[in-house]
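Undergrad: Note that the sequence shown covers residues 1 to 154 in our numbering.
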Amino acid sequence: MFKNNLLIILIALLFPYACSNGRIYSSGEQGLLSKKWVDILRENPADKNENIKVTPLFKNKDGSHFIIQIKDREKPHIHETHDLTVIVKKGKGILNLGADKLSMQGGDIAFIPRGTLHYFVNTGREPAIAYVIFNPTYDGKDIKFTENTQTGIP
Numbered sequence: 001m002f003k004n005n006l007l008i009i010l011i012a013l014l015f016p017y018a019c020s021n022g023r024i025y026s027s028g029e030q031g032l033l034s035k036k037w038v039d040i041l042r043e044n045p046a047d048k049n050e051n052i053k054v055t056p057l058f059k060n061k062d063g064s065h066f067i068i069q070i071k072d073r074e075k076p077h078i079h080e081t082h083d084l085t086v087i088v089k090k091g092k093g094i095l096n097l098g099a100d101k102l103s104m105q106g107g108d109i110a111f112i113p114r115g116t117l118h119y120f121v122n123t124g125r126e127p128a129i130a131y132v133i134f135n136p137t138y139d140g141k142d143i144k145f146t147e148n149t150q151t152g153i154p
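(1) Considering only the beta carbon of each residue, do Gln69 and Pro136 sit closer than 8 angstroms?
(2) Going by DSSP, what residue range makes up the alpha helix (DSSP H) through Arg23?
(3) Short of 8 angstroms in beta carbon distance, which residues of its chain neighbour Val132, apart from the five on each side in sequence? Order them along the chain.
(4) Beta-carbon within less than 7 angstroms of Ser103's beta-carbon, same chain only, minus the 5 sequence neighbours each way: which residues are those?
(5) Curious, which full-length beta strand (DSSP E) runs of at least 3 residues does the stretch 58–127 contain?
(6) Smallest Cα separation from Asn51: which of Gly140, Phe58, Phe134, Phe120?
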């Protein structure tokens with residue numbers, strides 16, 4: 001019993017470290033990409049005055065993948081024709097998802113269906129970092145910002 005508890009504690013302590021050194025893989029026309037996500041961040045830092053930094057990673061006709069860094073907050077918005085999957089890699093904050101407020105931190109995952117009002121507010125001292133997948137391929141044309149965070153009506 002003690003061994004099992006010790007193993008669980010050890011896994012819980014090491015899991016965040018393993019995630020922070022995780023790799024991103026993609027196979028495509030250029031061959032296999034294998035890169036640590038922290039190296040991608042280091043190569044694509046957010047500018048001093050940049051609240052949100054979006055780094056495109058891969059895309060095909062079915063979807064596109066990004067690393068997004070948020071220093072403060074997003075504006076409330078919807079995506080009319082895209083579903084999103086958000087995987088928080090580092091940091092913490094509140095994901096306002098429709099009428100719900102979700103406390104998010106590294107390792108958490110959220111699915112945001114198209115047409116759902118949402119925005120993220122960073123509650124940490126460092127930028128929150130997420131791996132985001134859009135389906136279908138994101139072109140930036142369907143984002144609609146709104147003033148009313150309760151109803152989504154401008």
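The beta carbon of each residue, even a glycine, is placed where N, CA and C say it ideally should be.
TA: This is what the structure holds:
(1) As a position in the sequence shown, residue 69 is number 69, starting the count at 1. As a position in the sequence shown, residue 136 is number 136, starting the count at 1. In this structure, Pro136 does not lie closer than 8 angstroms to Gln69 by Cβ.
(2) For the purposes of this step, residue 23 is taken as the residue at position 23 of the sequence shown. Where Arg23 is concerned, there is no enclosing alpha helix (DSSP H), although the beta strand (DSSP E) around it starts and stops at 23–28.
(3) On the sequence shown, residue 132 is found 132 positions in, with the first residue counted as 1. If we look at Val132 and ignore the five residues flanking it on each side, its Cβ neighbours are His65, Phe66, Ile67, Ile68, Leu84, Thr85, Val86, Ile87.
(4) Your numbering for residue 103 matches position 103 in the sequence shown. Around Ser103: Ile94.
(5) Those beta strand (DSSP E) runs which fall completely within the stretch 58–127 and span 3+ residues are 63–70, 77–79, 83–90, 92–97, 100–105, 109–112, 118–122.
(6) Reading the sequence shown from its first residue, position 51 is the one you call residue 51. Closest by alpha carbon: Phe120.
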